[in-house]
Amino acid sequence: MTDGQSPLIDFTARPASTVWEQVVCPAAPKLVFWCWFKPVNFPHGVVVLFPQEIDRSLIPNLTMRAILQAVGLNFQQVTSWALNGMTFDAAQGSNPLLDQPLPPAIPGGDPQVYIACHVPVAPMMPVAPPMMQPEANMAMPAFGTTRPLSQGVNRVPSAIEMEWLEGMHAEWNSSVMIEADLLRQRKKIVDVSARLKSLNRDLNTDERTYSSSQDKKDWQDARRWLRDCGTKLARCLKDYDIGFTSSAGQRTWFEETYEQFVEKKLPFDGMEQAFRDYQIYHKSLQNLNSSMKSAVQYAMQNGERKAQRVINTIQSKVREGNAKKSFMGVISGTQ
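Read left to right, the sequence shown gives residues 7 to 341 (this note's numbering).
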(Lines of atoms letter the chains of each structure in order from A and count residues from 1; the text may use other names and numbers.)
(Lines give C-alpha, C1' and ligand atoms only; values in the text may rest on other atoms or scores of the structure.)
Protein backbone atom coordinates (compact mmCIF):
# COMPACT_ATOMS: atom_id res chain seq x y z
CA MET A 1 0.00 0.00 0.00
CA THR A 2 2.95 2.30 -0.47
CA ASP A 3 3.06 3.01 -4.19
CA GLY A 4 0.43 5.45 -5.43
CA GLN A 5 -3.29 4.84 -5.60
CA SER A 6 -4.29 1.48 -4.17
CA PRO A 7 -6.68 -0.79 -6.08
CA LEU A 8 -10.24 -0.62 -4.78
CA ILE A 9 -10.90 -3.13 -2.04
CA ASP A 10 -13.99 -4.76 -0.60
CA PHE A 11 -14.03 -3.37 2.93
CA THR A 12 -16.21 -6.21 4.24
CA ALA A 13 -13.70 -8.84 3.12
CA ARG A 14 -10.62 -6.82 4.02
CA PRO A 15 -8.92 -8.26 7.14
CA ALA A 16 -8.19 -6.01 10.08
CA SER A 17 -4.75 -4.44 10.31
CA THR A 18 -2.25 -5.84 12.79
CA VAL A 19 0.17 -2.90 12.51
CA TRP A 20 -0.02 0.63 11.15
CA GLU A 21 0.17 0.47 7.35
CA GLN A 22 2.09 3.13 5.42
CA VAL A 23 0.35 4.86 2.53
CA VAL A 24 1.74 7.21 -0.14
CA CYS A 25 -0.84 9.72 -1.34
CA PRO A 26 -0.68 10.16 -5.16
CA ALA A 27 -1.89 13.76 -4.77
CA ALA A 28 1.19 14.49 -2.64
CA PRO A 29 3.85 11.87 -3.54
CA LYS A 30 6.27 13.02 -0.86
CA LEU A 31 3.67 12.57 1.87
CA VAL A 32 3.54 9.29 3.75
CA PHE A 33 0.75 8.69 6.26
CA TRP A 34 -0.54 5.67 8.16
CA CYS A 35 -3.86 3.84 8.21
CA TRP A 36 -5.37 1.09 10.37
CA PHE A 37 -8.23 -1.03 9.07
CA LYS A 38 -10.91 -2.17 11.54
CA PRO A 39 -9.24 -1.33 14.86
CA VAL A 40 -10.87 -2.87 17.93
CA ASN A 41 -12.42 0.43 19.02
CA PHE A 42 -13.66 1.26 15.48
CA PRO A 43 -14.32 -2.12 13.80
CA HIS A 44 -16.42 -0.74 10.94
CA GLY A 45 -13.96 1.81 9.63
CA VAL A 46 -10.43 2.97 8.96
CA VAL A 47 -8.30 5.33 11.05
CA VAL A 48 -5.86 7.64 9.25
CA LEU A 49 -2.97 9.34 11.02
CA PHE A 50 -0.49 11.90 9.69
CA PRO A 51 3.05 12.51 10.98
CA GLN A 52 3.16 15.06 13.78
CA GLU A 53 5.48 17.36 11.83
CA ILE A 54 3.00 17.59 8.92
CA ASP A 55 0.49 20.46 8.75
CA ARG A 56 -2.12 18.82 6.53
CA SER A 57 -3.81 22.16 5.76
CA LEU A 58 -0.67 23.33 3.90
CA ILE A 59 -0.98 20.58 1.28
CA PRO A 60 -3.53 21.94 -1.26
CA ASN A 61 -4.07 18.62 -3.04
CA LEU A 62 -4.64 16.71 0.19
CA THR A 63 -8.41 16.13 0.16
CA MET A 64 -10.59 13.38 1.61
CA ARG A 65 -11.14 12.06 -1.90
CA ALA A 66 -7.37 11.79 -2.39
CA ILE A 67 -7.05 9.97 0.94
CA LEU A 68 -9.83 7.50 0.11
CA GLN A 69 -8.25 6.80 -3.27
CA ALA A 70 -4.83 6.32 -1.73
CA VAL A 71 -6.18 3.88 0.85
CA GLY A 72 -8.18 2.09 -1.85
CA LEU A 73 -11.67 2.47 -0.39
CA ASN A 74 -14.70 2.15 -2.65
CA PHE A 75 -16.84 5.29 -2.44
CA GLN A 76 -19.97 3.12 -2.50
CA GLN A 77 -18.88 1.57 0.80
CA VAL A 78 -17.89 4.79 2.57
CA THR A 79 -20.75 6.30 4.61
CA SER A 80 -19.02 9.21 6.35
CA TRP A 81 -15.78 10.58 7.71
CA ALA A 82 -14.92 12.49 10.86
CA LEU A 83 -12.14 14.87 11.83
CA ASN A 84 -11.76 17.62 14.43
CA GLY A 85 -14.80 16.19 16.22
CA MET A 86 -17.16 16.70 13.24
CA THR A 87 -18.78 14.04 11.06
CA PHE A 88 -19.56 14.45 7.35
CA ASP A 89 -21.81 12.34 5.11
CA ALA A 90 -19.92 10.92 2.13
CA ALA A 91 -23.12 10.89 0.00
CA GLN A 92 -21.66 8.03 -2.08
CA GLY A 93 -18.77 10.23 -3.15
CA SER A 94 -20.87 13.25 -4.18
CA ASN A 95 -20.28 15.48 -1.14
CA PRO A 96 -18.33 18.54 -2.45
CA LEU A 97 -16.38 18.65 0.82
CA LEU A 98 -14.55 15.54 -0.39
CA ASP A 99 -12.66 17.79 -2.80
CA GLN A 100 -11.81 20.52 -0.31
CA PRO A 101 -8.33 20.67 1.31
CA LEU A 102 -8.25 19.17 4.78
CA PRO A 103 -8.49 21.69 7.63
CA PRO A 104 -5.64 21.88 10.16
CA ALA A 105 -5.83 19.70 13.24
CA ILE A 106 -7.20 21.45 16.32
CA PRO A 107 -4.44 22.04 18.93
CA GLY A 108 -4.88 19.54 21.72
CA GLY A 109 -7.60 17.69 19.78
CA ASP A 110 -7.68 14.31 18.11
CA PRO A 111 -5.45 14.53 14.98
CA GLN A 112 -6.79 11.33 13.45
CA VAL A 113 -9.28 11.00 10.60
CA TYR A 114 -12.00 8.36 10.99
CA ILE A 115 -13.57 6.82 7.88
CA ALA A 116 -16.79 4.88 8.47
CA CYS A 117 -17.76 2.19 5.98
CA HIS A 118 -21.09 0.60 5.17
CA VAL A 119 -22.15 -2.14 7.59
CA PRO A 120 -25.60 -3.36 8.74
CA VAL A 121 -25.37 -1.05 11.77
CA ALA A 122 -23.71 2.32 11.16
CA PRO A 123 -20.63 2.80 13.38
CA MET A 124 -20.30 5.57 15.88
CA MET A 125 -17.48 7.95 15.25
CA PRO A 126 -15.18 7.73 18.28
CA VAL A 127 -13.51 10.79 19.69
CA ALA A 128 -10.23 9.50 21.10
CA PRO A 129 -7.12 11.16 22.52
CA PRO A 130 -4.15 11.45 20.13
CA MET A 131 -2.19 8.26 19.57
CA MET A 132 1.55 8.03 19.69
CA GLN A 133 3.21 8.21 16.31
CA PRO A 134 3.38 4.70 14.80
CA GLU A 135 6.55 2.70 14.94
CA ALA A 136 7.43 -0.53 13.23
CA ASN A 137 5.05 -3.31 14.34
CA MET A 138 3.37 -0.98 16.83
CA ALA A 139 0.09 -2.56 17.96
CA MET A 140 -3.20 -0.69 18.07
CA PRO A 141 -4.40 -0.11 21.65
CA ALA A 142 -7.02 -2.74 22.42
CA PHE A 143 -9.50 -0.31 23.94
CA GLY A 144 -13.12 -1.33 23.67
CA THR A 145 -12.55 -5.06 24.10
CA THR A 146 -14.36 -6.88 26.85
CA ARG A 147 -12.11 -7.02 29.90
CA PRO A 148 -12.34 -8.24 33.48
CA LEU A 149 -12.61 -5.88 36.41
CA SER A 150 -9.24 -4.46 37.48
CA GLN A 151 -7.45 -5.79 40.53
CA GLY A 152 -7.23 -3.53 43.56
CA VAL A 153 -3.96 -2.59 45.28
CA ASN A 154 -3.90 -2.69 49.09
CA ARG A 155 -2.30 0.68 49.85
CA VAL A 156 -2.98 4.40 50.02
CA PRO A 157 -3.08 6.02 46.54
CA SER A 158 -0.15 8.23 45.57
CA ALA A 159 -0.62 11.86 44.56
CA ILE A 160 -0.78 11.07 40.83
CA GLU A 161 -3.12 8.14 41.48
CA MET A 162 -5.39 10.45 43.47
CA GLU A 163 -5.46 12.81 40.47
CA TRP A 164 -6.50 9.91 38.25
CA LEU A 165 -9.20 8.85 40.72
CA GLU A 166 -10.55 12.40 40.91
CA GLY A 167 -10.46 12.63 37.14
CA MET A 168 -12.35 9.35 36.72
CA HIS A 169 -14.87 10.51 39.31
CA ALA A 170 -15.54 13.71 37.36
CA GLU A 171 -15.70 11.95 33.99
CA TRP A 172 -18.13 9.33 35.27
CA ASN A 173 -20.47 11.83 36.95
CA SER A 174 -20.53 13.91 33.76
CA SER A 175 -21.22 10.74 31.78
CA VAL A 176 -24.17 9.83 34.01
CA MET A 177 -25.69 13.26 33.40
CA ILE A 178 -25.35 12.79 29.65
CA GLU A 179 -26.91 9.33 29.93
CA ALA A 180 -30.04 10.90 31.43
CA ASP A 181 -30.27 13.21 28.43
CA LEU A 182 -29.65 10.26 26.10
CA LEU A 183 -32.65 8.46 27.60
CA ARG A 184 -34.80 11.50 26.82
CA GLN A 185 -33.43 11.58 23.28
CA ARG A 186 -34.25 7.88 22.89
CA LYS A 187 -37.87 8.56 23.82
CA LYS A 188 -37.99 11.38 21.28
CA ILE A 189 -36.60 9.07 18.59
CA VAL A 190 -39.28 6.48 19.35
CA ASP A 191 -42.02 9.12 19.20
CA VAL A 192 -40.77 10.73 15.98
CA SER A 193 -40.26 7.31 14.36
CA ALA A 194 -43.88 6.43 15.12
CA ARG A 195 -45.10 9.68 13.54
CA LEU A 196 -42.96 9.09 10.44
CA LYS A 197 -44.40 5.60 10.03
CA SER A 198 -47.98 6.89 10.31
CA LEU A 199 -47.28 9.52 7.65
CA ASN A 200 -45.64 7.08 5.25
CA ARG A 201 -48.77 5.74 3.52
CA ASP A 202 -50.41 5.50 0.12
CA LEU A 203 -52.80 8.23 -0.94
CA ASN A 204 -56.45 7.32 -0.47
CA THR A 205 -59.03 7.40 -3.27
CA ASP A 206 -60.05 11.05 -2.82
CA GLU A 207 -56.43 12.16 -2.49
CA ARG A 208 -55.49 10.38 -5.71
CA THR A 209 -58.52 11.82 -7.48
CA TYR A 210 -58.02 15.48 -6.62
CA SER A 211 -54.21 15.66 -6.51
CA SER A 212 -52.23 16.72 -9.56
CA SER A 213 -49.38 14.77 -11.14
CA GLN A 214 -46.96 17.13 -9.41
CA ASP A 215 -48.70 16.51 -6.07
CA LYS A 216 -48.29 12.76 -6.53
CA LYS A 217 -44.62 13.21 -7.42
CA ASP A 218 -44.09 15.46 -4.39
CA TRP A 219 -45.72 12.84 -2.16
CA GLN A 220 -43.47 10.09 -3.49
CA ASP A 221 -40.45 12.30 -2.81
CA ALA A 222 -41.78 13.03 0.68
CA ARG A 223 -42.17 9.31 1.37
CA ARG A 224 -38.56 8.71 0.33
CA TRP A 225 -37.51 11.38 2.82
CA LEU A 226 -39.63 9.70 5.48
CA ARG A 227 -37.92 6.36 4.86
CA ASP A 228 -34.48 7.97 4.88
CA CYS A 229 -35.17 9.77 8.14
CA GLY A 230 -36.58 6.59 9.67
CA THR A 231 -33.39 4.74 8.76
CA LYS A 232 -31.22 7.40 10.40
CA LEU A 233 -33.31 7.27 13.57
CA ALA A 234 -33.12 3.46 13.66
CA ARG A 235 -29.33 3.60 13.43
CA CYS A 236 -29.13 6.01 16.35
CA LEU A 237 -31.44 3.77 18.34
CA LYS A 238 -29.18 0.77 17.70
CA ASP A 239 -26.09 2.76 18.66
CA TYR A 240 -27.78 3.64 21.94
CA ASP A 241 -29.16 0.17 22.68
CA ILE A 242 -26.24 -2.07 21.69
CA GLY A 243 -23.34 0.27 20.93
CA PHE A 244 -20.07 0.90 22.75
CA THR A 245 -21.65 3.04 25.51
CA SER A 246 -24.49 0.59 26.23
CA SER A 247 -24.58 -2.22 28.79
CA ALA A 248 -23.99 -4.56 25.86
CA GLY A 249 -20.82 -2.58 25.14
CA GLN A 250 -18.45 -1.25 27.81
CA ARG A 251 -20.70 0.60 30.25
CA THR A 252 -20.80 -2.23 32.79
CA TRP A 253 -17.01 -2.17 33.19
CA PHE A 254 -16.98 1.59 33.83
CA GLU A 255 -19.82 1.37 36.34
CA GLU A 256 -18.31 -1.54 38.28
CA THR A 257 -14.85 0.04 38.32
CA TYR A 258 -16.33 3.29 39.60
CA GLU A 259 -18.33 1.60 42.38
CA GLN A 260 -15.54 -0.73 43.51
CA PHE A 261 -12.51 1.57 43.27
CA VAL A 262 -13.08 5.16 42.14
CA GLU A 263 -15.89 6.04 44.52
CA LYS A 264 -13.97 4.52 47.46
CA LYS A 265 -10.69 6.19 46.37
CA LEU A 266 -8.89 2.82 46.14
CA PRO A 267 -5.94 2.37 43.75
CA PHE A 268 -6.07 -0.45 41.20
CA ASP A 269 -4.01 -1.86 38.34
CA GLY A 270 -3.95 0.12 35.09
CA MET A 271 -5.26 3.37 36.54
CA GLU A 272 -3.62 5.66 34.00
CA GLN A 273 -5.13 3.78 31.06
CA ALA A 274 -8.46 3.57 32.89
CA PHE A 275 -8.48 7.36 33.30
CA ARG A 276 -7.96 7.77 29.55
CA ASP A 277 -10.73 5.22 28.91
CA TYR A 278 -13.16 7.15 31.12
CA GLN A 279 -12.36 10.27 29.08
CA ILE A 280 -13.04 8.39 25.83
CA TYR A 281 -16.29 7.00 27.24
CA HIS A 282 -17.41 10.50 28.23
CA LYS A 283 -16.58 11.92 24.81
CA SER A 284 -18.27 8.98 23.09
CA LEU A 285 -21.45 9.76 25.02
CA GLN A 286 -21.22 13.40 23.97
CA ASN A 287 -20.83 12.32 20.35
CA LEU A 288 -23.77 9.92 20.56
CA ASN A 289 -25.94 12.56 22.23
CA SER A 290 -25.13 15.04 19.49
CA SER A 291 -25.88 12.44 16.79
CA MET A 292 -29.24 11.55 18.32
CA LYS A 293 -30.29 15.19 18.65
CA SER A 294 -29.23 15.90 15.07
CA ALA A 295 -31.12 12.85 13.81
CA VAL A 296 -34.32 13.93 15.57
CA GLN A 297 -34.06 17.50 14.26
CA TYR A 298 -33.27 16.24 10.76
CA ALA A 299 -36.22 13.83 10.79
CA MET A 300 -38.67 16.47 11.99
CA GLN A 301 -37.51 19.09 9.50
CA ASN A 302 -36.79 17.02 6.39
CA GLY A 303 -39.18 14.15 6.99
CA GLU A 304 -42.22 14.97 9.12
CA ARG A 305 -42.70 18.65 8.24
CA LYS A 306 -41.99 18.18 4.54
CA ALA A 307 -44.45 15.29 4.29
CA GLN A 308 -47.03 17.19 6.32
CA ARG A 309 -46.85 20.18 3.98
CA VAL A 310 -47.41 17.99 0.93
CA ILE A 311 -50.30 16.00 2.42
CA ASN A 312 -51.91 19.20 3.72
CA THR A 313 -51.83 20.63 0.19
CA ILE A 314 -53.45 17.49 -1.21
CA GLN A 315 -56.11 17.33 1.52
CA SER A 316 -56.92 20.99 0.91
CA LYS A 317 -57.65 20.11 -2.73
CA VAL A 318 -59.78 17.19 -1.56
CA ARG A 319 -61.90 19.47 0.62
CA GLU A 320 -62.21 21.99 -2.19
CA GLY A 321 -63.16 19.28 -4.67
CA ASN A 322 -65.73 17.73 -2.35
CA ALA A 323 -67.21 21.17 -1.65
CA LYS A 324 -67.62 21.83 -5.38
CA LYS A 325 -69.13 18.39 -5.83
CA SER A 326 -71.66 19.02 -3.04
CA PHE A 327 -72.48 22.44 -4.45
CA MET A 328 -73.10 21.01 -7.91
CA GLY A 329 -75.27 18.33 -6.35
CA VAL A 330 -77.39 20.95 -4.61
CA ILE A 331 -77.76 22.93 -7.85
CA SER A 332 -78.69 19.82 -9.79
CA GLY A 333 -81.25 18.90 -7.15
CA THR A 334 -82.94 22.30 -7.25
CA GLN A 335 -83.15 22.31 -11.01
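Heads up, the beta-carbon is just placed ideally off N, CA and C, and yes, glycines get one too.
Neighbourhood of residue i by C-beta distance below 6 Å, restricted to the same chain and skipping five residues each side
{"i": "asparagine 80", "result": "Leu14"}
{"i": "threonine 319", "result": "none"}
{"i": "glycine 173", "result": "Phe281"}
{"i": "asparagine 206", "result": "Arg229 and Leu232"}
CB contact flag (residue i, residue j, <8 Å)
{"i": "cysteine 31", "j": "alanine 72", "result": "yes"}
{"i": "valine 84", "j": "leucine 68", "result": "no"}
{"i": "valine 54", "j": "valine 119", "result": "yes"}
{"i": "alanine 313", "j": "leucine 232", "result": "yes"}
{"i": "cysteine 235", "j": "leucine 202", "result": "yes"}
{"i": "proline 367", "j": "lysine 271", "result": "Look at the range of the chain in this structure, 7 to 341, and you will see that residue 367 is not part of it."}
{"i": "serine 290", "j": "threonine 258", "result": "no"}
{"i": "glutamine 191", "j": "asparagine 295", "result": "yes"}
{"i": "phenylalanine 56", "j": "phenylalanine 39", "result": "yes"}
{"i": "glycine 78", "j": "isoleucine 121", "result": "no"}
{"i": "glutamate 177", "j": "histidine 288", "result": "yes"}
{"i": "methionine 70", "j": "leucine 104", "result": "yes"}
{"i": "valine 198", "j": "glutamate 310", "result": "yes"}
{"i": "valine 29", "j": "alanine 76", "result": "yes"}
Beta-ladder partner(s) of residue i, from DSSP
{"i": "serine 86", "result": "Asp95 and Ala122"}
{"i": "valine 30", "result": "Val38"}
{"i": "phenylalanine 260", "result": "DSSP, once it has assigned bridges, lists no residue as partnering phenylalanine 260."}
{"i": "threonine 69", "result": "Pro107"}
{"i": "glycine 173", "result": "Partner(s): none; glycine 173 has no beta bridge."}
{"i": "isoleucine 15", "result": "Leu79"}
{"i": "glycine 51", "result": "Ala122"}
Close-in-space but distant-in-sequence residues of the same chain around residue i (CB under 7 Å, 5 per side omitted)
{"i": "aspartate 224", "result": "Val316"}
{"i": "aspartate 61", "result": "Pro110"}
{"i": "valine 324", "result": "Asp212, Glu213 and Tyr216"}
{"i": "glutamine 98", "result": "Phe81 and Gln82"}
{"i": "serine 204", "result": "none"}
{"i": "serine 63", "result": "Pro107, Leu108, Pro109 and Pro110"}
{"i": "lysine 299", "result": "Gln191"}
{"i": "tryptophan 170", "result": "Met277, Glu278 and Phe281"}
For residue i, the nearest candidate out of the options (CA to CA)
{"i": "serine 180", "options": "Tyr264, Ala228 and Lys44", "result": "Tyr264"}
{"i": "arginine 229", "options": "Ser297, Leu239, Arg257 and Asp208", "result": "Asp208"}
{"i": "alanine 305", "options": "Leu239, Pro45 and Arg190", "result": "Leu239"}
{"i": "asparagine 293", "options": "Pro21, Ser322 and Asp187", "result": "Asp187"}
{"i": "glutamine 321", "options": "Lys222, Gln303 and Gln256", "result": "Lys222"}
{"i": "lysine 193", "options": "Tyr246, Val182 and Ala165", "result": "Tyr246"}
{"i": "isoleucine 286", "options": "Asp116, Leu89 and Pro102", "result": "Asp116"}
{"i": "methionine 88", "options": "Gln226, Glu262, Ser297 and Gln303", "result": "According to the sequence as given, residue 88 is alanine; it is not methionine. Nearest of Gln226, Glu262, Ser297 and Gln303 to alanine 88, Cα basis: Ser297."}
{"i": "isoleucine 112", "options": "Asn90, Ile195 and Ala96", "result": "Asn90"}
{"i": "glutamine 303", "options": "Gln226, Phe260 and Ile195", "result": "Ile195"}
Expected contact under 8 Å - CB spacing of residue i and residue j to nearest Å
{"i": "phenylalanine 274", "j": "phenylalanine 267", "result": "5 Å"}
{"i": "isoleucine 65", "j": "alanine 19", "result": "Their Cβ separation, rounded to whole angstroms, is 31 Å, which puts isoleucine 65 and alanine 19 out of contact at 8 Å."}
{"i": "serine 23", "j": "phenylalanine 43", "result": "4 Å"}
{"i": "serine 100", "j": "phenylalanine 94", "result": "Between phenylalanine 94 and serine 100 the Cβ distance is about 12 Å, and since that is not below 8 Å, they are no contact."}
Cβ-based neighbour list, residue i, same chain, cut-off 8 Å, excluding 5 preceding and 5 following
{"i": "glutamate 167", "result": "Pro273 and Met277"}
{"i": "asparagine 365", "result": "Summary: the structure shown does not reach residue 365, with the chain confined to residues 7 through 341, and so no result is reported for it."}
{"i": "glycine 327", "result": "Asp212, Thr215 and Tyr216"}
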